[in-house]
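Residue numbers (my numbering): 14 to 152. Glycine included, every Cβ here is placed at the ideal spot set by N, Cα and C. Keep in mind it's a predicted model, so treat the numbers as computed, not measured. For reference, the structure discussed in these notes is given below.
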């Protein structure tokens, strides 16, 4: 799977929302990833969808494919407690209780990546945004 082409195709789905909110999205890097295309597409789409949803207006989303991973870094409107983000949403969850979504995106992405015998990672740095990435085998 050409990971850059996949990320660009998925990002195109959100073009109107990105333009409306003034969010700049870039895709860099590249490489061929050896993985089930449907599973990889679903996992990447969940990460990109979350990035669009949670990026602050006039912010940036940077998608990078290099060596063995796809990384999605976005400017978030508020600091993120990453501890429980990969768990499915439950009512009263402080990390996402004010968002209008099911809260399943990252949990689904994690399950999809686990199906590929890989792992998803989440990092957040106050004032510097959040990074969501997973490693997969590249050709």
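- Residue 68 and residue 74 do touch by the CB rule: their CB atoms are close to 6 Å apart, below 8 Å.
- The beta carbon of residue 33 is closer than 6 Å to none in its chain, skipping five residues each way along the sequence.
- From the listed residues 64, 24, 78, 70, the smallest Cα separation to residue 137 is found for 64.
- DSSP places residue 48 in the coil class of the three-state scheme, outside both helix and strand.
- For residue 34, the secondary structure class from DSSP, reduced to helix, strand or coil, is helix.
- If the five residues before and after residue 72 are omitted, its C-beta is found closer than 6 Å to the C-beta atoms of 36, 88, all from its own chain and listed in chain order.
- Residue 126 and residue 49 have their C-alpha atoms spaced approximately 10 Å apart.
- In the structure shown, residue 124 adopts helical secondary structure according to DSSP, grouped into three states.
- Under the three-state reduction of DSSP output, residue 25 falls in the helix class.
- Taking 8 Å as the cut-off, the Cβ atoms of residue 78 and residue 121 do not count as close.
- Beta-carbon to beta-carbon, residue 52 and residue 129 are separated by about 6 Å, close enough to satisfy the 8 Å threshold.
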